[in-house]
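Below: one structure, written as structure tokens.
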Amino acid sequence: MRKLGKNNVGNRFYQKVGALFFAIAMADGKVHKMEREKLKGLIREKWMLLDDVEDEFGTDAAFQIEIVFDWYIENERKSSECFKNFETFYKKHSAIFSIQVKSLILETANAIAYSFSGKNKSELQLLGKLQLLFNKE
């Protein structure tokens, strides 16, 4: 991933990734506890190591993924709306999405989808859309 620095793009990147992961978890109409727990574990295990971007409070910006994910749960957003949110950001800022970052996004999205009773049809469709989005370049 390109160095995002302390500008808003770095924080927005993590927020949009949080929207994407919510879309994957919500694809079947419900976010399951196991999906949320899987995401939290992967944020600490993998995402915090990605870069040194911090939010305005000096915390690792990777936590924005979890914050946004939880906000969407509380505010009952639709999966399709959240995926579109991520897709729009990706198209505008695709240069910051390195192969490593795309791989980590796909790994995390698949892990979330698989964490509760394996991948269902809705999740598979969304994962397919994500793969196509990343392969358009």
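The sequence shown begins at 1298 in our numbering and counts up one residue at a time. C-beta: ideal position from N, C-alpha, C; glycine also.
How many whole angstroms separate the CB atoms of residue i and residue j, which I take to be in contact at a CB cut-off of 8 Å?
{"i": "Leu1423", "j": "Asn1407", "result": "Contact doesn't hold; Cβ gap of about 11 Å is too wide."}
{"i": "Ile1396", "j": "Ile1362", "result": "Between Ile1362 and Ile1396 the Cβ distance is about 20 Å, and since that is not below 8 Å, they are no contact."}
{"i": "Leu1317", "j": "Phe1383", "result": "4 Å"}
{"i": "Tyr1369", "j": "Phe1319", "result": "4 Å"}
Just grab the DSSP bridge partners of residue i for me.
{"i": "Asp1367", "result": "BP columns for Asp1367 are empty, so no partner."}
Take residue i and list the residues in its own chain whose beta-carbon comes closer than 6 Å to its own, dropping the five residues that flank it on each side.
{"i": "Met1345", "result": "Asp1357, Ala1359"}
{"i": "Ala1322", "result": "Val1328, Glu1332, Ile1409"}
{"i": "Lys1303", "result": "Because the pLDDT at Lys1303 is just 48, under 50, the model does not fix this residue reliably, and the value given afterwards should be weighed accordingly. Counting only Cβ-Cβ distances below 6 Å, and skipping sequence neighbours, we find nothing."}
{"i": "Arg1374", "result": "none"}
{"i": "Thr1405", "result": "Leu1339"}
{"i": "Lys1426", "result": "none"}
{"i": "Phe1431", "result": "Lys1399"}
{"i": "Leu1403", "result": "none"}
{"i": "Val1314", "result": "Ile1362"}
{"i": "Asn1417", "result": "Asp1325"}
Go through its chain and collect everything with a Cβ distance to residue i's Cβ below 7 Å, but skip five positions before and after it.
{"i": "Met1312", "result": "The amino acid at residue 1312 is misidentified as Met; the sequence shows Gln. Gln1361, Val1365."}
{"i": "Ala1324", "result": "Ser1376, Ser1419, Glu1420, Leu1423"}
{"i": "Lys1343", "result": "Leu1401"}
Could you check where the alpha helix (DSSP H) with residue i kicks off and where it finishes?
{"i": "Ser1400", "result": "1396 to 1411"}
{"i": "Ser1377", "result": "1376 to 1389"}
{"i": "Asn1432", "result": "1418 to 1432"}
{"i": "Ala1322", "result": "1305 to 1323"}
{"i": "Leu1346", "result": "Counting along the chain, Leu1346 falls outside any alpha helix (DSSP H), and DSSP gives it neither H nor E."}
Any heavy atom of the ligand HEM closer than 7 Å to the CB of residue i?
{"i": "Lys1337", "result": "Looking for the ligand HEM in the displayed structure turns up nothing, as the structure carries no ligands at all."}
Within the same chain, show all residues whose beta-carbon is closer than 8 Å to that of residue i, passing over the 5 residues directly before and after it, in chain order.
{"i": "Glu1334", "result": "Ser1412"}
{"i": "Cys1379", "result": "Ala1316, Leu1317, Phe1319, Ala1320, Met1323, Tyr1369"}
{"i": "Gln1428", "result": "Leu1403"}
{"i": "Asn1372", "result": "none"}
{"i": "Lys1337", "result": "Glu1363"}
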